[in-house]
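Position one of the sequence shown corresponds to residue 51 (the numbering used here), numbered consecutively onward. For glycine and all other residues, C-beta sits at the position ideal for the given N, C-alpha and C.
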Amino acid sequence: MSHNPHVAADDRYETMQYRRSGKSGLKLPGVSLGLWHNFGGANDTDTMRETIRTAFDLGVTHYDLANNYGPPAGSAEENFGRIFAQDLAPYRDEILISSKAGYYMWPGPYGEWGSRKNLLSSLDQSLNRMQLDYVDIFYSHRFDPETPLEETIGALDTAVRSGRALYAGISNYGPEQTREAVRIARELGTPILINQFPYSMFERTPEDGLLDTLEDEGLGSIVFSPLAQGMLTNRYLNGVPEGSRATHSQFLSENQLTPTYIERVTALNEIAKDRGQTLAQLAIQWVLRGDHVTSALVGASSAKQLRDTVASLDFPALTEDEISAIEPHAVHGTHRA
Numbered sequence: 051m052s053h054n055p056h057v058a059a060d061d062r063y064e065t066m067q068y069r070r071s072g073k074s075g076l077k078l079p080g081v082s083l084g085l086w087h088n089f090g091g092a093n094d095t096d097t098m099r100e101t102i103r104t105a106f107d108l109g110v111t112h113y114d115l116a117n118n119y120g121p122p123a124g125s126a127e128e129n130f131g132r133i134f135a136q137d138l139a140p141y142r143d144e145i146l147i148s149s150k151a152g153y154y155m156w157p158g159p160y161g162e163w164g165s166r167k168n169l170l171s172s173l174d175q176s177l178n179r180m181q182l183d184y185v186d187i188f189y190s191h192r193f194d195p196e197t198p199l200e201e202t203i204g205a206l207d208t209a210v211r212s213g214r215a216l217y218a219g220i221s222n223y224g225p226e227q228t229r230e231a232v233r234i235a236r237e238l239g240t241p242i243l244i245n246q247f248p249y250s251m252f253e254r255t256p257e258d259g260l261l262d263t264l265e266d267e268g269l270g271s272i273v274f275s276p277l278a279q280g281m282l283t284n285r286y287l288n289g290v291p292e293g294s295r296a297t298h299s300q301f302l303s304e305n306q307l308t309p310t311y312i313e314r315v316t317a318l319n320e321i322a323k324d325r326g327q328t329l330a331q332l333a334i335q336w337v338l339r340g341d342h343v344t345s346a347l348v349g350a351s352s353a354k355q356l357r358d359t360v361a362s363l364d365f366p367a368l369t370e371d372e373i374s375a376i377e378p379h380a381v382h383g384t385h386r387a
C-alpha cells in the first residue's frame with residue numbers, strides 16, 4: 051500500500067450519524083474506532099494503515115487510545131501517531147483523538163492509578179508517542195480508591211487548562227463515583243465530557259444506575275466491548291474457528307462458549323437474520339437504541355470488518371417489538387464462564 055498522505059473521501063460525512071455528547075457542544079460518530087486490539091507492535095502496518103484511513107473515509111472521526119494499548123504497552127499510540135502523521139495530519143481539525151491513563155504503565159509507585167504525578171506524566175508520554183500537541187479527550191482510565199478524587203480530577207483540569215487536552219473524561223467509574231467527579235470538575239470549571247464503560251447485551255451493569263446518572267448530570271457515554279469480545283457475533287455458533295480470539299485471548303476463552311451461550315446467541319442471530327443483518331450489526335444497534343449512548347467503540351482487525359460494523363447504522367432503528375423479542379436472550383453475565 052502507498053504511504054503517501056491520504057486524500058479523504060469527499061462523501062465521508064454524508065451517511066455517518068453524529069450524536070451530541072451529553073449537554074456539551076461536541077458530537078461523536080455513532081461508531082468510533084478503538085485501538086485496544088489489532089494496533090500493537092506485532093500487527094501488520096499496512097492493515098493498520100488501511101483500517102485507520104477507511105475509518106475516516108466512513109465518517110468515523112474518533113480514534114480512541116490509551117497509554118497501555120498494544121501489546122507491548124505504548125505501541126498502539128506509537129503506530130497510530132506514525133500513521134496519522136503520514137496520512138491524516140492535514141485533517142487534524144476534523145478528527146477526535148483520545149487517550150487515557152490509570153492502568154499499569156511503568157514500574158514504581160507513579161506508574162499507575164490516579165495521582166497527579168501519574169496522569170500528567172502519562173499524558174506527556176502519550177503526546178510524545180503520538181507526535182501530537184494535544185488530545186481531544188483525556189481520560190482517567192479507572193477510579194483510584196486510594197487517591198483523593200479531587201487530585202485525580204484536578205489533574206484532568208490541569209491537562210485541559212494547559213492545552214494538552216480539549217476535554218476531560220472518565221472511564222470505568224460507577225454512578226456515585228461519576229456524580230462526585232462531575233461535582234468536583236464543575237467547581238474547577240472544567241466539566242467532565244463523557245464516561246467510557248463496557249456495555250452490551252451480555253454486560254448490562256450500566257443499566258443499574260449509571261445510565262440514569264449520566265442523563266441527570268448531562269454527560270455523554272461511549273461504550274466499549276459492545277460485541278462482548280466477539281461473543282455477540284456469529285463466529286462461535288458452530289464451534290471455535292482456528293486462530294479466533296477464543297483460542298488466544300486473555301479476555302475470551304473457549305470455556306465461556308457454553309450451551310446456554312449458544313442457545314441465546316443463536317436466538318439473537320435469528321432476530322438479526324430476520325432484519326437482514328448480521329448479529330454484530332444487531333448488537334451495535336441495540337447499544338445505540340434510544341439516546342442514552344453517544345457512541346459505540348469498536349475494534350477492527352481489517353478495513354472490511356470496520357465497513358461491516360459501520361453499516362449497522364444503515365439499518366432501520368429497532369422497533370419496540372424487536373427490542374422486546376431481544377430481551378429474553380440479552381441476559382447479563384452470559385459472556386462470563
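Residue i classed as buried or exposed, judged by whether at least 16 other C-beta atoms fall within 10 angstroms
| i | result |
| --- | --- |
| Ser362 | buried |
| Glu162 | buried |
| Ser150 | Checking the displayed sequence, the identity of residue 150 turns out to be Lys instead of Ser. So Lys150 counts as buried. |
| Asp262 | exposed |
| Tyr154 | exposed |
| Gly109 | buried |
| Gly72 | buried |
| Asn305 | exposed |
| Leu138 | buried |
| Ser374 | exposed |
| Asn288 | exposed |
| Gln136 | exposed |
| Thr384 | buried |
| Arg386 | exposed |
| Ser172 | buried |
| Thr310 | exposed |
| Thr359 | buried |
| Asp96 | exposed |
| Val57 | exposed |
Residue i versus residue j: straight-line alpha-carbon distance, rounded
| i | j | result |
| --- | --- | --- |
| Ala296 | Lys323 | Any reading at Ala296 needs caution, since the residue's pLDDT is 46, under 50, leaving its predicted position unreliable; the model's value is listed next. Cα to Cα, the separation comes out at about 24 Å. |
| Leu182 | Gly131 | 8 Å |
| Met66 | Gln331 | 15 Å |
| Thr111 | Leu177 | 19 Å |
| Ser294 | Met281 | For Ser294, the predicted model reports a pLDDT of 46, less than 50, meaning its position is unreliable and no value from the coordinates is stated. |
| Phe19 | Glu100 | Because the chain in this structure spans residues 51 to 387, residue 19 falls outside the shown range and cannot be described. |
| Ala205 | Leu169 | 7 Å |
| Leu199 | Asp60 | 44 Å |
| Gly224 | Gly152 | 15 Å |
| Asn284 | His382 | 19 Å |
| Val185 | Arg70 | 19 Å |
| Asp143 | Leu216 | 12 Å |
| Ile272 | Ile244 | 7 Å |
| Tyr113 | Leu146 | 6 Å |
| His298 | Gln227 | Residue confidence is low: His298 scores 43 on pLDDT, short of 50, so the model does not pin down where it sits. Its coordinate-derived value is still stated next. Roughly 34 Å separates the two Cα atoms. |
| Ile234 | Leu76 | 21 Å |
| Pro195 | Gly164 | 9 Å |
| Leu269 | Arg192 | 17 Å |
| Ile133 | Leu307 | 36 Å |
| Ser275 | Asn54 | 33 Å |
| Ala218 | Val210 | 7 Å |
| Phe188 | Met251 | 27 Å |
| Leu79 | Gly239 | Just to set this straight, residue 79 is Pro in the shown sequence, not Leu. When rounded, the distance between both Cα atoms is 26 Å. |
| Glu265 | Ile203 | 20 Å |
| Gln327 | Leu115 | 29 Å |
| Gly120 | Leu85 | 8 Å |
| Leu338 | Phe247 | 14 Å |
| Arg325 | Gly158 | 53 Å |
| Arg236 | Ser212 | 17 Å |
| Leu356 | Thr197 | 38 Å |
| Gln175 | Pro140 | 23 Å |
| Met180 | Ile220 | 21 Å |
Beta strand (DSSP E) segment containing residue i, residue limits
| i | result |
| --- | --- |
| Val57 | No beta strand (DSSP E) holds Val57; DSSP gives it neither H nor E. |
| Asp186 | 185-190 |
| Ala353 | Segment 353-360 is the alpha helix (DSSP H) holding Ala353; no beta strand (DSSP E) there. |
| Ser165 | No beta strand (DSSP E) holds Ser165; DSSP gives it neither H nor E. |
| Ala346 | 345-348 |
| Gly270 | 270-274 |
For residue i, the first and last residue of its enclosing alpha helix (DSSP H)
| i | result |
| --- | --- |
| Val315 | 309-324 |
| Ser374 | 370-376 |
| Ala2 | Residue 2 falls outside the range modelled here, since the chain spans only 51 to 387, and no answer is possible. |
Residue i CB to nearest heavy atom of the ligand NAP below 7 Å
| i | result |
| --- | --- |
| Leu206 | Because no ligand of any kind appears in the structure shown, any question about the ligand NAP cannot be addressed here. |
#### Entry: Complete runs of the alpha helix (DSSP H) confined to the segment 69-151 [at least 4 residues]
95-107, 125-137
### Query
Do the segment 369-376 and the segment 86-106 make contact, defined as three or more Cβ pairs closer than 8 Å?
no
### Stretch pair the segment 344-351 + the segment 304-318: three plus CB contacts closer than 8 Å
no
### Query
Taking contact to mean at least 3 C-beta pairs separated by less than 8 Å, is the segment 332-342 in contact with the segment 243-257?
yes
### Query
Is the number of C-beta pairs between the segment 115-127 and the segment 81-97 that are closer than 8 Å three or more?
yes
### Message
Restricting to runs no shorter than 3 residues, where is the beta strand (DSSP E) found entirely within the segment 206-262?
### Response
215-221, 242-248
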